[in-house]
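Single-structure report; data block below.
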Amino acid sequence: MKNISSKIRKLTRALEVKGKIYLVNREQFYSTKKHKICTTHKLSQLLPIEEYNKLNPDNKKDPKKYEYVKVEILKSFSEIDILMKLVDIYQKVGGADG
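As structure tokens, this is what we get:
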């Protein structure tokens, strides 16, 4: 698990160098169905307000009030899913040769 977390951190930093800001959060809750504490992992992107408003013309935010908007990309119980999504995004941004 520690190795996966470090790779996620490295990818988020590499994407930040490319101008894309991604955030990874962990959230715990108690499952009454499973009778244990469960952890979900969330991947979000911070979009500049202008870019967000272009992508969401029906739900525009006030540029005077916000500089960035946090948009959830993926929510999963598996940290590997977050890692694989970040790898996919990194390849699309042009950070990998192939």
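Under the UniProt record's numbering, read the sequence shown as residues 1 to 98, first letter to last. Built from N, CA and C at the ideal position, the CB exists for glycine as well.
Out of the options, which one is the CA nearest neighbour of residue i?
i, options, result
"residue 28", "41, 35 and 19", "41"
"residue 50", "59, 31 and 7", "59"
"residue 64", "53, 74 and 71", "53"
"residue 47", "8, 61, 81 and 83", "61"
"residue 55", "71, 16, 66 and 35", "71"
"residue 76", "17, 7 and 39", "39"
"residue 93", "69, 57, 30 and 11", "11"
"residue 21", "78, 2, 79 and 8", "8"
For residue i, which three-state DSSP category applies?
i, result
"residue 25", "strand"
"residue 20", "coil"
"residue 3", "helix"
"residue 92", "helix"
"residue 36", "strand"
"residue 62", "coil"
"residue 56", "coil"
"residue 98", "Only weak support exists for where residue 98 lies, its pLDDT of 48 falling under 50; the value from the coordinates is given anyway. Residue 98 falls in the coil class under three-state DSSP."
Identify the residues that DSSP records as bridge partners of residue i: which are they?
i, result
"residue 10", "Paired residue(s): none; residue 10 is not in a bridge."
"residue 70", "46"
"residue 78", "Looking at the DSSP assignment, residue 78 forms no beta bridge with any residue, so it has no partner."
"residue 30", "37"
Which whole-angstrom value describes the C-beta separation of residue i and residue j, a residue pair presumed to lie in contact below a C-beta threshold of 8 Å?
i, j, result
"residue 43", "residue 90", "The pair is not a contact, with the Cβ atoms about 12 Å apart (cut-off 8 Å)."
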